[in-house]
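The sequence shown begins at 51 in the working numbering and counts up by one. Positions of the beta carbon are idealized from the N, C-alpha and C atoms, including for glycine. Please read all numbers here as calculations on a predicted model, not as lab measurements.
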Amino acid sequence: MVAPPYNQNMKTASLLARYNGTIIKESLENPDILDDFITTKITVTGDENPADRWHIHDVEATREQLEMLSKIIKPTKYYAHFWDKDRNIIIVFRNKIFEFNFDNKSAWQPAIEHGLSVDIPREQLDFSISSQVIPEFGTKRENEERRDGGCGIVFDPATQMYAVGKQTDNGFFRLFSGGVDPKEDIREGVLREVVEESGLHDFLHVEQIAEAFAHYHNSLRNVNRVAKATCFLIILKSASLIPAKLEAHEKFSLAWATASDIFANWQTHGADGGCDHWIYFMKKAVARARELGYDTTSEQAE
């Protein structure tokens with residue numbers, strides 16, 4: 051492995067946090083391999099590209115995740131690379147990790163000796179089309195309604211607290227969430243729900259952190275649902291409020307809690323698995339808020 055100067059001052063745990071790149075794969079022996087990666091875009095290369103059969107995945111990954119990937123991807127059948135704006139590149143190939151600047155051809159030598167071609171010819175890595183993997187949570191129920199949407203996990207750096215909707219009847223912590231029409235932009239739809247349900251509106255930073263398929267019982271409407279849910283991390287600029295616009299069935303109010311308190315609340319109220327996708331999202335959000343330097347008090351979610 052080459053360890054160039056560019057990464058020496060970066061935290062090891064977040065070395066690849068903002069590296070965008072590609073994962074090119076033939077098929078996955080274990081489809082869960084990509085579950086912990088944030089897939090930001092999928093495209094298929096055109097015929098003008100010599101690798102026209104490849105699927106391109108733009109992803110974000112931590113060093114830990116990359117090392118995990120290097121251990122479990124099938125040797126010689128998978129290839130992944132990540133880079134930054136300065137063309138520093140990290141490559142996973144045949145279960146090893148290589149790091150160097152793309153333009154420094156001499157630095158490619160260890161990877162080349164390991165069998166990687168600088169041009170990565172199609173005949174060396176002949177991959178077929180594949181699809182994105184999205185994790186699935188909850189228990190399938192009869193008469194499920196499909197209602198795609200999303201949620202926002204809101205963090206206030208000033209108080210080091212997360213915003214939740216505390217249910218009036220039993221104290222259950224809800225994420226601010228709702229359905230989004232297919233023609234509506236998912237980001238705009240989720241932010242609208244957050245503003246309407248919480249009254250919070252002064253946002254500093256918003257980013258999509260994860261997607262999941264969720265089976266759950268909507269206790270407010272008393273219906274079983276399945277949804278493709280998209281979660282956004284929202285960092286507040288301030289906790290100033292405008293009047294919330296709750297619907298008649300929405301019996302909750304804005305409350306503040308630590309990440310550990312939220313997890314504890316869901317363990318108490320989520321025995322049926324209905325909170326599993328929220329737990330997944332919350333872990334992602336806490337990790338990302340810590341990585342960005344906003345959350346300085348929460349422990350790393352396991």
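- Message: Is the beta carbon of residue 279 closer than 7 Å to that of residue 200?
- Response: Along the sequence shown, one-based indexing puts residue 200 at 150. Along the sequence shown, one-based indexing puts residue 279 at 229. The answer is yes: Cβ separation under 7 Å.
- Message: Suppose contacts are defined by Cβ-Cβ distances below 7 Å. Is residue 283 in contact with residue 203 by that definition?
- Response: If you number the sequence shown from 1, residue 283 lands on position 233. If you number the sequence shown from 1, residue 203 lands on position 153. Between residue 283 and residue 203, the gap from beta carbon to beta carbon is short of 7 Å.
- Three-state class that DSSP yields for residue 334 in the structure shown: Stepping through the sequence shown from its first residue, residue 334 is reached at position 284. Assignment of residue 334 by DSSP, reduced to helix, strand and coil, places it in the helix class.
- Give me the Cα-Cα distance between residue 259 and residue 186, rounded to the nearest whole angstrom. Residue numbering aside, residue 259 sits at position 209 when the sequence shown is read from its first letter. Residue numbering aside, residue 186 sits at position 136 when the sequence shown is read from its first letter. For residue 259 and residue 186, the distance between alpha carbons rounds to 16 Å.
- Query: With a Cβ-Cβ cutoff of 7 Å, do residue 328 and residue 211 count as a contact?
  - Reply: Working through the sequence shown from its first residue, we reach residue 328 at position 278. Working through the sequence shown from its first residue, we reach residue 211 at position 161. No, Cβ-Cβ distance for residue 328 and residue 211 is not below 7 Å.
- Message: Between which two residues does the beta strand (DSSP E) holding residue 298 run?
- Response: Within the sequence shown, residue 298 is the residue found at index 248, counting from 1. Counted as a single uninterrupted DSSP element, the stretch harbouring residue 298 is not any beta strand (DSSP E), since DSSP gives it neither H nor E.
- Task: For residue 326, collect the residues of the same chain with a Cβ closer than 8 Å to its Cβ; drop the 5 residues on either side in sequence, then sort them by chain order.
- Result: Locating residue 326 in the sequence shown gives position 276, where the first residue counts as 1. Correct list, in chain order: 187, 188, 264, 320.
- Query: Smallest Cα separation from residue 218: which of 332, 256, 270, 190?
  - Reply: As a first step, residue 218 is located in the sequence shown; it is residue number 168 there, counting from the start. Closest option to residue 218, Cα to Cα, is 270.
- Leaving aside the five residues before and after residue 153 along the sequence, list all residues of the same chain whose C-beta is less than 8 Å from its C-beta, in chain order. The residue labelled residue 153 in the question sits at position 103 within the sequence shown. Excluding sequence neighbours, residue 153 sits near 137.
- State the start and end residues of the unbroken beta strand (DSSP E) segment that holds residue 227. Position 177 of the sequence shown, counted from the first residue, corresponds to residue 227. Residues 226 to 229.
- Task: Indicate whether the contact test is met: 3 or more Cβ pairs, each with one atom in the segment 300 to 319 and one in the segment 251 to 258, closer than 8 Å.
- Result: No: the two stretches stay apart, fewer than three of their Cβ pairs being nearer than 8 Å.
- Message: Please give me, in chain order, every unbroken run of the alpha helix (DSSP H) with length at least 4 that falls completely inside the segment 234 to 267.
- Response: If one requires a minimum length of 4 residues, the alpha helix (DSSP H) runs lying completely within the segment 234 to 267 are 236 to 248, in chain order.
- Identify whether residue 210 lies in helix, strand or coil by the three-state DSSP scheme. Position 160 of the sequence shown, counting from 1, holds the residue named residue 210. Coil.
- Would you grab the beta carbon distance between residue 344 and residue 205 for me? Rounded to a whole angstrom, and I think it's under 8 Å. Position 294 of the sequence shown holds residue 344. Position 155 of the sequence shown holds residue 205. Contact between residue 344 and residue 205 holds: their C-beta atoms lie close to 6 Å from each other, under 8 Å.
- Message: Beta-carbon within less than 7 Å of residue 266's beta-carbon, same chain only, minus the 5 sequence neighbours each way: which residues are those?
- Response: Sequence index remark: in the sequence shown, residue 266 carries index 216 (1-based). Within the same chain, 188, 275, 324 come within 7 Å of residue 266 by CB-CB distance, once the 5 residues on both sides are set aside.
- Message: At the level of alpha carbons, what is the spacing between residue 256 and residue 285?
- Response: Here residue 256 is taken as the residue at index 206 of the sequence shown, counted from 1. Here residue 285 is taken as the residue at index 235 of the sequence shown, counted from 1. Going from the Cα of residue 256 to the Cα of residue 285 covers about 6 Å.
- According to DSSP, which residues form a beta bridge with residue 151? Locating residue 151 in the sequence shown gives position 101, where the first residue counts as 1. Residue 151 is bridged by DSSP to 138.
- Task: Below 7 Å CB to CB, which residues in the same chain sit around residue 224 once its five sequence neighbours on both sides are set aside?
- Result: Here residue 224 refers to the residue found at position 174 of the sequence shown. Cβ neighbours of residue 224 beyond the five flanking positions: 214, 215, 217, 302.
- With 16 other Cβ atoms within 10 Å as the buried cut-off, status of residue 238: Numbered from its first residue, the sequence shown carries residue 238 at position 188. Exposed, by the Cβ-count rule.
- For residue 191, does the three-state DSSP call read helix, strand or coil? Working through the sequence shown from its first residue, we reach residue 191 at position 141. The answer is coil: DSSP assigns residue 191 none of H, G, I, E or B.
- Task: Could you check the C-alpha separation between residue 346 and residue 287 for me, to the nearest Å?
- Result: Numbered from its first residue, the sequence shown carries residue 346 at position 296. Numbered from its first residue, the sequence shown carries residue 287 at position 237. About 16 Å.
- Below 7 Å between beta carbons: does that hold for residue 230 and residue 236? Taking the first residue of the sequence shown as position 1, residue 230 is located at position 180. Taking the first residue of the sequence shown as position 1, residue 236 is located at position 186. A Cβ-Cβ contact shorter than 7 Å links residue 230 with residue 236.
- Message: Looking at the strands, I want to know which residues DSSP matches up with residue 283.
- Response: Translated into positions along the sequence shown, residue 283 becomes position 233. Note: residue 283 sits in a beta bridge opposite 203, 257.
- Query: By a C-beta neighbour count over all protein chains shown, 10 Å radius and 16 as the cutoff for buried, is residue 277 buried or exposed?
  - Reply: Here residue 277 refers to the residue found at position 227 when the sequence shown is read from its first residue. Residue 277 comes out buried.
- Buried or exposed (CB count within 10 angstroms, at least 16 for buried), residue 315: Counting from 1 along the sequence shown, the entry for residue 315 is found at position 265. The residue is buried, with at least 16 neighbouring Cβ atoms inside 10 Å.
- Message: Pop quiz: residue 147 and residue 140 are said to be a contact at Cβ under 8 Å. What is the actual Cβ separation, rounded to whole angstroms?
- Response: In the sequence shown, the residue the question calls residue 147 occupies position 97. In the sequence shown, the residue the question calls residue 140 occupies position 90. Confirmed, about 7 Å.
- Separation of residue 294 from residue 342, as counted between CA atoms: Numbered from 1 along the sequence shown, position 292 holds the residue referred to as residue 342. Numbered from 1 along the sequence shown, position 244 holds the residue referred to as residue 294. So the alpha carbons of these two residues sit roughly 29 Å apart.
- Considering only residues of the same chain and omitting the five flanking positions on each side of residue 190, which have a CB-CB separation below 7 Å? Counting from one through the sequence shown, the residue named residue 190 turns up at place 140. Close CB contacts of residue 190 within its chain, under the 7 Å cut and outside five residues either way in sequence, are with 265 (chain order).
- Query: Does the beta-carbon distance from residue 243 to residue 221 come in below 7 Å?
  - Reply: The residue labelled residue 243 in the question sits at position 193 within the sequence shown. The residue labelled residue 221 in the question sits at position 171 within the sequence shown. Residue 221 sits away from residue 243, with the two beta carbons spaced by 7 Å or more.
- Decide if residue 208 is buried, meaning its Cβ has at least 16 other Cβ atoms within 10 Å, or exposed. Here residue 208 refers to the residue found at position 158 when the sequence shown is read from its first residue. Answer is exposed; the Cβ neighbour count stays below 16.
- Regarding residue 323 and the ligand SAM, is the C-beta to nearest heavy atom distance less than 6 Å? Only the bare structure without any ligand can be found here, which leaves the ligand SAM out of the picture.
- Item | Where residue 270 falls: helix, strand or coil (DSSP) | Translated into positions along the sequence shown, residue 270 becomes position 220. Reduced to three states, the DSSP call for residue 270 is coil.
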